[in-house]
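See structure below.
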Amino acid sequence: MRRYSPALFVVFFILVSAGCTRKPGAASALKPTGFGAALVESSGGKQIGATGMVLAQPVVVQVNDEQGTAVTGALVEFSGPVGVNFDPPSGVTDSSGQFSTSVALGGMAGRYQLTARTFTKAQKPVELKIDEIALGYQQQVGFQLDDKYCARCHNPESSAERVSNFDNLAVKPHPFTEGDTLNKMSDADLTAIIGHGGPALNKSALMPPYGYTLSKTEIEALIAYIRLISDPPYHASGMVYAQK
Amino acid sequence: MQSSSPNTPSIWQTLFGHPVRAFGVVSLLLLISLAIAPAKNHFSEWRHYQKQYLALVRTRGDAVTLRRHFHDGIQQIWLPQIGVVDRCTTCHVGLKEASLADVSTQPFRRHPVIPHTSDQFGCVMCHRGQGAATTVEEAHSSTLAWEQPTLPARFVQSSCGQCHRAALSGTPQLNAGRNLLTKCGCVHCHTIKLADGSAIKPTDDPPSLEHVADKTTREWIYAWLKDPQAYAVTSTMPNFKLSDPDARDISAFLISNSTSIPGDTEPAKDSKAPDPTAGASLYGESFCASCHAVQNAAGNVVGGDVGPELTRIGNKTKPEWLRAWLRNPRVYDAETAMPHYRFTDQQVSLLVGFLGNKTDADLLANVHLDAATPEQIAHGKLLVTEYGCASCHKISGIKKPENFAPDLTRIGSKPLTQIIFLPGMAHTVPNYISAKIRQPRSFGAALKMPQYSFAPAQVDALTTALLALTDRAHDLPRALTLPTEAASNYQPAGKAGQLIADLACFSCHAINGRGGDMAPDLTWEGTSVQRVWLQAFLKNPGTLRPALIRRMPRFNLSDSEVTELTDYIMTVYQTPAFERDSMPSSGYPPAQVEQGKQLFYSKYSCQSCHIIDTKVDKGYIGPTLTQVGSRLNAAWIYHWLKDPQAMRPGTTEPNRNMSDEDSRALTAFLMTLKGSGKLEAKK
């Protein structure tokens, strides 16, 4: 045994020094200097991003006190479902009471609910939920198709760079986020109306058929995209397999 | 053995006692050791997951089907021709089960819908990791025997790029990264060779510095070198973090090294200050904003990105240079993407006045440079050579350095042992690449790579594009790699060819595979349009699509130039698919015309996107058709209606699978829409 003791000593020393070089966690270094009563979203909610990728806009939240004025130096912590990454995950608000973080969504397509948290003077947590959408490969293809073929009429939002045709149509198309209407339509109905135009479902002929322009896979991708962005969220009807 | 005395028991006996007992112990040990392998197998991770999967499946509606699809034991995808031995499906059992879409626990999730199946390419082609491993740790992580851990989801599009060289609609991040790679100057310094041996070529066009003293001042160069983004936020010039003396010396060298070319400056003829509002409206009428952006008061950059941002152009250019440039940019730079507008003296003065006022008083306020000494100039030259400025810019007397920066041909598979990581950084290639792009000099203050101003998403996009450059991408069977479309170097001939180059038509229009995508492809323009219309349009481009803010500018062409261009387009840019004049431009029977009108408004409801009567119709996705009968040829309309994508690939007009009769009737109707005004009278 005695022969090994110097070797053991060396191993012990390495372990200890390795332990010492580890830096203390970033969160513990943050000392809030202010405390708020409410948390509001400034920008960055309801973005449409892609799986695993950083959202185009940072998520910005603001901490306010009881009077609604911005609080500087309040601690804000972000958390989200598995796979979501925040950079930085926590920090204190700046001079305008805001805290900004860039968000990378998880690897599965779907909706992600993020939680921002701050603490009142009494250490009571105040929470804010923020929804983001991650497009997978299929939905991504659908998004591109929507952007090229559909959005000019179906999206009422207009900008100087891209004028919407929505207001010019005698029969108004449904925006793809309009879950109240679109969620009631089956995949087969959507396939029919995209492929054969409005008249396929006794609707307006202003909606042209795309069955000779888009492939079957493309139409499936478009529907997958429409289903994902619908608000309220779409739940597939039919047999429900999950027991819990 | 012989040395031990008979009284004292031998080591053998001390250890095992009586031989019979020893035999028993050894047999037992043997039995136990024989049981280790089956026990390890029984308690293995993958069996645990397979049991969990069966438990999960049991509770579901289609349990019987799922159970039937399930195969017990280690599963393997073996594709010898592409070197794939993947056992991932041993644990990831439900990958192909469409009905498991709602299951969110790993490893039982269904694979998201992609164009390939695991039987074709396996798993590690896209996800990396150790395919042959059967434990989570070994398969997913970096181990002593295996360097490449699985790829984080945010970079997974890089795997598509191993085979697909052309842009894919499902991989926007990879496409963006590849664009940045060629647009932000990376490949000026770094060599990137593709599997077919060709090198990635830059698509940006950094200005030549041979005559820079004619264009700008030493003070501006100094301020620009110190912080390019302070002058223009959209600038792709990186920040070299130069010290004040270094920036002073480089600016001294560049100015002293610059030569003059005759005609690149032009003094003002009258000292009268031009009317600023007239200048602004000329800037608008000439559609300068189609290519050039300006930052507005709110900080938003508005305008195109073909040319440089003009927010503070007055700080940069000397008025005498700007005057000559606006007169004819090709004198200073023969290859520029800027068209040669035929501006009048008065128009040039208006624009010089308008652009000269676009200044920022703070930009050069603190720049005071003394006259340069020969030592400073010599030191500046040394710095210019050291920093490799000539990799991007043409500088007289300095050769473009070869292999200035590390070759990135196989950067995606760089062995970890060849990488020096920063303390506290996870040892993976994606981490290294993105850290290097984000802050190159954090890896050593003496490194030459400059600081870029990329947003986080851009860093990820670039990392994705670089991660696609793997060993696998080079070693795959040739049949599997899908190359990009070969870049076309199409050059129109003769006088018209010179005109097309002079007007920089390719900056916006594509012809025969060469050119931009801002404006319509002109490859078959000669079949499409009528001569009279084309002539009038070139003279004074009118509005075809009211919703577009980027439009064809008026170049003030002379009559002979218009005729030259029209002749060339009408003769050369013809489709071989059909005869242009095979259908008459008028004289269709009224009944057919009426039928066409009915079809237009009812069956095909074309009015949702096109306007034929400005009083009734409102749709403006497609071009206005009020005078389509004087603009397009009947045969073109007929064939376009039959199959728009065949006429112009990628057009948004849907294919309606129209019958011959319907498209004939619609053509007859559209040809009656001749418009009200006389085309040539409009000026």
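Taken in sequence, the protein lines are chains A and B. If you're matching positions, the first sequence starts at 760 in the numbering used here and goes up one per residue. If you're matching positions, the second sequence starts at 376 in the numbering used here and goes up one per residue. Beta carbons are placed, not taken as given, at the ideal position from N, Cα and C, and that holds for glycine. All figures in this text were calculated on a predicted structure; none of them were measured in a lab.
**OP:** Taking 9 Å as the cut-off, decide whether the C-beta atoms of T918 (chain B) and T999 (chain B) are in contact.
**Re:** yes
**OP:** State buried or exposed for P1059 (chain B), treating a residue as buried only when at least 16 other CB atoms are found within 10 Å of its CB.
**Re:** Limits of chain B in this structure are 376 at one end and 1058 at the other, which puts residue 1059 (chain B) out of reach.
Original post:
So the beta strand (DSSP E) W453 (chain B) belongs to, where does it begin and stop?
Top reply: I452 to L454
Original post:
Which residues in the same chain have their Cβ closer than 6 Å to the Cβ of E886 (chain A), if we skip the five residues on either side of it in sequence?
Top reply: T874 and R876
Subject >> Contact set between N942 (chain A) and chain B, taken where Cβ atoms lie within less than 9 Å >> reply: Residues of chain B passing the Cβ test: none, with the nearest at roughly 16 Å.
Original post:
Under the criterion of a Cβ to heavy atom distance below 8 Å, does G560 (chain B) qualify as lining the ligand FAD?
Top reply: Within the structure as shown, the ligand FAD is missing, as the structure has no ligands at all.
Original post:
Among the residues of its own chain, which have a CB less than 8 Å from the CB of E920 (chain A), if the five just before and after it don't count?
Top reply: none
Subject >> Complete alpha helix (DSSP H) runs within the stretch 593 to 648 of chain B (minimum length 4 residues, chain order) >> reply: 593 to 601, 603 to 606 and 619 to 632
Subject >> is_contact[G545 (chain B), chain A] using C-beta, thresh 9 Å >> reply: yes
Subject >> Nearest residue (CA-CA) to E750 (chain B), options B:R623, B:S788, B:S977 and B:D477 >> reply: B:R623
Subject >> DSSP three-state assignment for H539 (chain B), whether helix, strand or coil >> reply: strand
Subject >> Residue from B:V395, B:P413 and B:H467 whose Cα sits closest to the Cα of Y424 (chain B) >> reply: B:H467
**OP:** Measure how close the beta-carbons of A829 (chain A) and Q821 (chain A) come, nearest whole angstrom, since I'm counting them as under 8 Å.
**Re:** The beta-carbon distance between A829 (chain A) and Q821 (chain A), rounded to whole angstroms, is 6 Å. This is short enough to meet the 8 Å contact definition.
Original post:
How long is the line joining the alpha carbons of A712 (chain B) and N732 (chain B), rounded to whole angstroms?
Top reply: Going by the C-alpha atoms only, they are around 24 Å apart.
**OP:** Taking only beta-carbon positions, decide if S801 (chain A) is within less than 9 Å of chain B.
**Re:** Proximity of S801 (chain A) to chain B, defined by a Cβ-Cβ separation below 9 Å, is not satisfied.
Original post:
Touching or not, the stretch 903 to 918 of chain B and the stretch 877 to 888 of chain B, by the rule of three or more beta carbon pairs under 8 Å?
Top reply: no
Original post:
From this set, B:D621, B:A410 and B:R540, which residue's C-alpha is nearest A861 (chain B)'s C-alpha?
Top reply: B:R540
Subject >> Simplified DSSP assignment, three categories, for K1049 (chain B) >> reply: coil
**OP:** Would you kindly report the start and end of the unbroken alpha helix (DSSP H) that includes T860 (chain A)?
**Re:** Premise fails: T860 (chain A) lies in the beta strand (DSSP E), Q857 to A863, not in any alpha helix (DSSP H).
Original post:
V968 (chain B) to S980 (chain B), Cα distance in whole Å?
Top reply: 16 Å
Subject >> D850 (chain A) burial status per 10 Å Cβ neighbour count (16 or more: buried) >> reply: One detail in the question is off: residue 850 (chain A) reads as Gly in this sequence, not Asp. Label assigned to G850 (chain A): buried.
Subject >> Given P1024 (chain B) as reference, the closest of B:I386, B:D892 and B:W908 once Cα atoms are compared >> reply: B:D892
Original post:
Using the rule of at least 16 other Cβ atoms within 10 Å of the residue's Cβ for burial, across every protein chain shown, is T579 (chain B) buried or exposed?
Top reply: First, the amino acid is wrong: residue 579 (chain B) is Asp here, not Thr. That one is exposed.
Original post:
When the cut-off is 9 Å and only beta carbons count, does A983 (chain A) lie next to chain B?
Top reply: yes
Original post:
What's the gap between the Cα of Y943 (chain B) and the Cα of K558 (chain B)?
Top reply: One C-alpha to the other measures close to 33 Å.
Original post:
So, does the CB of A951 (chain A) fall closer than 9 Å to a CB anywhere in chain C?
Top reply: No chain C appears in this structure, whose protein chains are A and B.
Original post:
Along chain A, which residues have their Cβ under 8 Å away from the Cβ of Q1020 (chain B)?
Top reply: Within 8 Å Cβ-Cβ: T972.
Original post:
Roughly how many angstroms separate the alpha carbons of R781 (chain A) and W599 (chain B), rounded to a whole number?
Top reply: Confidence is the limiting factor: at R781 (chain A) the pLDDT is only 42, short of 50, which leaves the residue's position unreliable and the question unanswerable from this model.
Subject >> Residue-level contact to chain A via CB, D835 (chain B), 9 Å cutoff >> reply: yes
**OP:** Specify, as a first and last residue, the run of the alpha helix (DSSP H) that E969 (chain B) falls within.
**Re:** P965 to Y976
Original post:
Any C-beta of chain A sitting closer than 9 Å to the C-beta of N554 (chain B)?
Top reply: no
Subject >> Proximity winner among B:I457, B:T692, B:N864 and B:Q1020, relative to Y969 (chain A) (alpha-carbon distances) >> reply: B:Q1020
Original post:
Which bits of chain B does P967 (chain A) rub up against, with CB to CB less than 8 Å?
Top reply: Y979, S980, S983, P1029 and R1031
**OP:** Please name the residue, chosen from B:P815, B:E710 and B:Q722, that lies closest to L697 (chain B) on a Cα-to-Cα basis.
**Re:** B:Q722
Subject >> Below-9 Å beta-carbon distance, N961 (chain A) vs any chain B residue >> reply: Chain B contact via Cβ: absent.
**OP:** Quick one: list the residues of chain B neighbouring E920 (chain A), beta-carbon separation under 7 Å, in chain order.
**Re:** Going along chain B in sequence order, the residues near E920 (chain A) (Cβ under 7 Å) are I924.
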